[in-house]
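A quick write-up on the structure given underneath.
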Amino acid sequence: MNLVLNILTVCAVSAGAFFFMAGTIGLLRFPDALTRLHALTKADNLGLGLIILGVLLRVAEPLIALKLVSVWLLVQLSGAIVTQLIAGVVRQRGLNA
Amino acid sequence: MTVAFAFEVGLAALLVAIAAWAIAVRNAFTAVVVFVVYGLLLAIVWVTLSAIDLALTEAAIGSGLTGALLLGAAARLRPTETPSTAECPSAILRLAAALLSATVAAALAAGVLFLPDPTPTLAPAAAANAAATGLGNPITNVLMAFRAMDTMLEKVVLLLALVGAWSIASDRLSGERSDPRRQADPDGVLAFFARLLPPVGIVVGIYILWVGADHPGGAFQAGTILAAMWLLVLMAGLTVAPPMSCRWLRLILVAGPVVFLVVGLGGLWMGAAFLAYPPAFAKPLILAIEVAMTLTIAVTLGLLAGAPEREW
Numbered sequence: 815m816n817l818v819l820n821i822l823t824v825c826a827v828s829a830g831a832f833f834f835m836a837g838t839i840g841l842l843r844f845p846d847a848l849t850r851l852h853a854l855t856k857a858d859n860l861g862l863g864l865i866i867l868g869v870l871l872r873v874a875e876p877l878i879a880l881k882l883v884s885v886w887l888l889v890q891l892s893g894a895i896v897t898q899l900i901a902g903v904v905r906q907r908g909l910n911a
Numbered sequence: 162m163t164v165a166f167a168f169e170v171g172l173a174a175l176l177v178a179i180a181a182w183a184i185a186v187r188n189a190f191t192a193v194v195v196f197v198v199y200g201l202l203l204a205i206v207w208v209t210l211s212a213i214d215l216a217l218t219e220a221a222i223g224s225g226l227t228g229a230l231l232l233g234a235a236a237r238l239r240p241t242e243t244p245s246t247a248e249c250p251s252a253i254l255r256l257a258a259a260l261l262s263a264t265v266a267a268a269l270a271a272g273v274l275f276l277p278d279p280t281p282t283l284a285p286a287a288a289a290n291a292a293a294t295g296l297g298n299p300i301t302n303v304l305m306a307f308r309a310m311d312t313m314l315e316k317v318v319l320l321l322a323l324v325g326a327w328s329i330a331s332d333r334l335s336g337e338r339s340d341p342r343r344q345a346d347p348d349g350v351l352a353f354f355a356r357l358l359p360p361v362g363i364v365v366g367i368y369i370l371w372v373g374a375d376h377p378g379g380a381f382q383a384g385t386i387l388a389a390m391w392l393l394v395l396m397a398g399l400t401v402a403p404p405m406s407c408r409w410l411r412l413i414l415v416a417g418p419v420v421f422l423v424v425g426l427g428g429l430w431m432g433a434a435f436l437a438y439p440p441a442f443a444k445p446l447i448l449a450i451e452v453a454m455t456l457t458i459a460v461t462l463g464l465l466a467g468a469p470e471r472e473w
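This is how it looks when you write it as C-alpha cells:
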C-alpha cells in the first residue's frame with residue numbers, strides 16, 4: 815500500500831513539475847503577451863494542482879489537507895484575476911508585444 | 162553533494178544574481194518587480210533555514226507590502242524618470258558610492274565570517290523560560306515577553322512613520338479621497354476579486370494571529386494580511402480611505418501602543434517591573450496586546466502603503 819502511494823506521489827509531483835517547466839518554456843518562448851499569460855496560467859492550475867495532489871497522498875491530518883487544497887484554490891483564483899487584469903491592460907493599450 | 166545542499170547553493174546563487182539585477186537595472190518599475198521576486202526568494206531561504214516566522218514576515222512585508230508601496234512610488238515618479246536616467250553623476254561621486262558600498266559589504270561579510278565559535282546566543286535561555294508565559298512559539302515569547310519593550314517601541318515608530326507621511330502629504334489627502342482614477346468599473350474583474358477575497362483573507366489573518374501563540378504567525382503577519390485586504394478593496398474603488406481627522410481611525414491607530422503601555426504600567430503598579438506580566442494572566446494579557454496591535458498594524462500599514470496608482 816505504501817509503495818503504491820509512493821509511486822502515485824512521485825508520478826503526480828513529477829507531472830506537476832513538468833507542467834511548471836512547460837509553463838516556464840512557454841513564458842520564455844511564446845511570441846506575445848497574451849500567449850505568454852496563457853502558458854503561465856497552465857503552470858499555476860495544472861502544475862500546482864498535480865503537486866498538491868501528490869502531497870495530499872502523504873498527509874495524515876484532514877486539516878492540513880484542507881489547507882493544501884485552499885492554497886491551490888487561492889493561487890488559482892489570484893492567478894486567473896491577475897491574468898485578466900494584465901490582459902485587459904494589454905488590450906487597452908494595444909501593446910501586444 | 163546531496164540534493165538539499167545543491168538546492169541551497171542554487172538558491173543562494175539565484176538570490177545574489179537577482180539582488181545584483183535589482184540594483185543594476187535602470188528602469189524603476191522593473192527594479193521594483195525584481196525586488197519583489199528577491200523578497201519571495203528570500204522567504205524561501207528562511208523556510209529552508211526553518212525560520213518560518215521570518216519567512217512569513219519577509220513575504221508579507223518585505224516583498225508584498227513594500228512592493229505595493231514601491232510600485233506606487235514608481236508610478237508617481239514615472240514623469241521624472243527619463244530626465245533622471247539621462248543625467249549621469251560625476252566620476253568622483255560614483256567612485257565614492259562604490260567605495261562606501263564595498264566597505265559596508267566587506268564589514269558585513271567580516272561580521273558574519275568572524276563570528277566567535279560557538280556563536281553567543283540567548284536561544285537556550287529563551288527556550289528554558291518558555292513555560293513562564295504559557296506560549297508555545299519561542300518567537301512570540303521573545304517578541305511579546307522577553308523583549309516586549311522593543312516590540313512596543315517598534316509600534317510607536319510605526320505610528321511616527323505614519324505621522325511623518327501625513328505631515329508631508331498634500332492637503333487633498335486630509336479630506337475624503339475621491340481620486341477619479343480609482344473610480345474603477347464596479348462590475349470589473351478587480352472589483353469582483355475585491356468582493357470575493359477579503360472574507361477569506363480576514364479569516365486567514367485572524368487565524369495567523371491566533372496560531373501565533375504556539376506556531377509561526379503573530380500580530381505583524383496578521384496585520385499585514387488584513388492591511389492587504391483593505392488595500393485591495395481601496396484599489397478596486399469599492400470604498401475610500403477615511404480622512405485623517407476621522408475619530409475611530411485615530412483611536413485604532415493608537416490602540417496598539419496604548420494597550421501595550423497600559424499593560425506595561427500595570428506591571429509596574431503590581432509591584433514587579435515595567436511590562437512584567439502577572440504569571441497567572443500572562444497569556445490573556447499578551448493576547449489582548451496582540452489583538453490591539455494587529456488592528457493598529459493593519460490600519461497603519463494600509464494608510465502608509467495607500468492605494469497604489471492604477472496607472473499601469
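Chains as they are written, first to last, in our numbering: chain V, 815 to 911; chain Y, 162 to 473.
Using N, Cα and C, we set each Cβ at its ideal position, and we do this for glycine too.
Owing to the predicted nature of the structure, the values given are computational and were not obtained by experimental measurement.
Tell whether a beta-carbon distance below 8 Å holds between residue i and residue j.
i         : j         : result
GLY228(Y) : GLY200(Y) : yes
LEU399(Y) : ILE363(Y) : no
LEU462(Y) : GLY384(Y) : yes
ALA293(Y) : PRO440(Y) : yes
THR855(V) : GLY902(V) : no
ALA829(V) : LEU864(V) : yes
LEU393(Y) : LEU358(Y) : yes
LEU848(V) : VAL904(V) : yes
THR243(Y) : GLN382(Y) : no
ALA234(Y) : ALA220(Y) : no
THR457(Y) : ALA416(Y) : yes
LEU489(Y) : ALA466(Y) : For chain Y, the structure presents residues 162 to 473; residue 489(Y) sits outside this window and is missing.
GLU451(Y) : GLY366(Y) : no
ASP375(Y) : ASN298(Y) : yes
LEU202(Y) : LEU232(Y) : no
PHE834(V) : GLY868(V) : no
VAL460(Y) : ILE413(Y) : yes
LEU226(Y) : VAL206(Y) : no
VAL186(Y) : VAL195(Y) : yes
THR455(Y) : ALA380(Y) : yes
VAL420(Y) : ALA443(Y) : no
ALA152(Y) : ALA192(Y) : The displayed coordinates of chain Y run from 162 to 473. Any statement about residue 152(Y) would go beyond what the structure contains.
What are the boundary residues of the alpha helix (DSSP H) that includes residue i?
i         : result
PRO299(Y) : 299 to 302
ASP346(Y) : Careful: ASP346(Y) lies outside any alpha helix (DSSP H) and carries neither H nor E.
GLY366(Y) : 350 to 372
THR823(V) : 816 to 843
HIS852(V) : 847 to 856
VAL177(Y) : 164 to 185
ASP214(Y) : 213 to 218
VAL195(Y) : 189 to 209
MET431(Y) : MET431(Y) -> no alpha helix (DSSP H), and no H or E assigned at all.
ALA474(Y) : Residue coverage of chain Y in this structure runs from 162 to 473, which leaves residue 474(Y) outside it and unanswerable.
THR897(V) : 876 to 907
VAL394(Y) : 380 to 396
ILE222(Y) : Careful: ILE222(Y) lies outside any alpha helix (DSSP H) and carries neither H nor E.
VAL869(V) : 862 to 870
For residue i, is the classification buried or exposed, using 16 other Cβ atoms within 10 angstroms of its Cβ as the cut-off for buried?
i         : result
ASP858(V) : buried
SER245(Y) : exposed
ASN161(Y) : An answer regarding residue 161(Y) cannot be provided, because it is not within the stretch 162 to 473 covered by chain Y.
MET310(Y) : exposed
GLY908(V) : exposed
MET305(Y) : buried
VAL197(Y) : buried
ASN302(Y) : buried
LYS881(V) : exposed
THR312(Y) : buried
MET815(V) : exposed
LEU370(Y) : buried
PRO279(Y) : exposed
ASN188(Y) : exposed
LEU296(Y) : buried
PRO377(Y) : buried
TRP886(V) : buried
GLY325(Y) : exposed
PHE168(Y) : exposed
VAL827(V) : buried
MET431(Y) : exposed
LEU254(Y) : exposed
LEU261(Y) : exposed
SER224(Y) : buried
Note down, one range per segment and in chain order, each alpha helix (DSSP H) of at least 4 residues found wholly within the segment 242 to 324 of chain Y. Here the runs fully enclosed are 252 to 274, 284 to 289 and 299 to 302.
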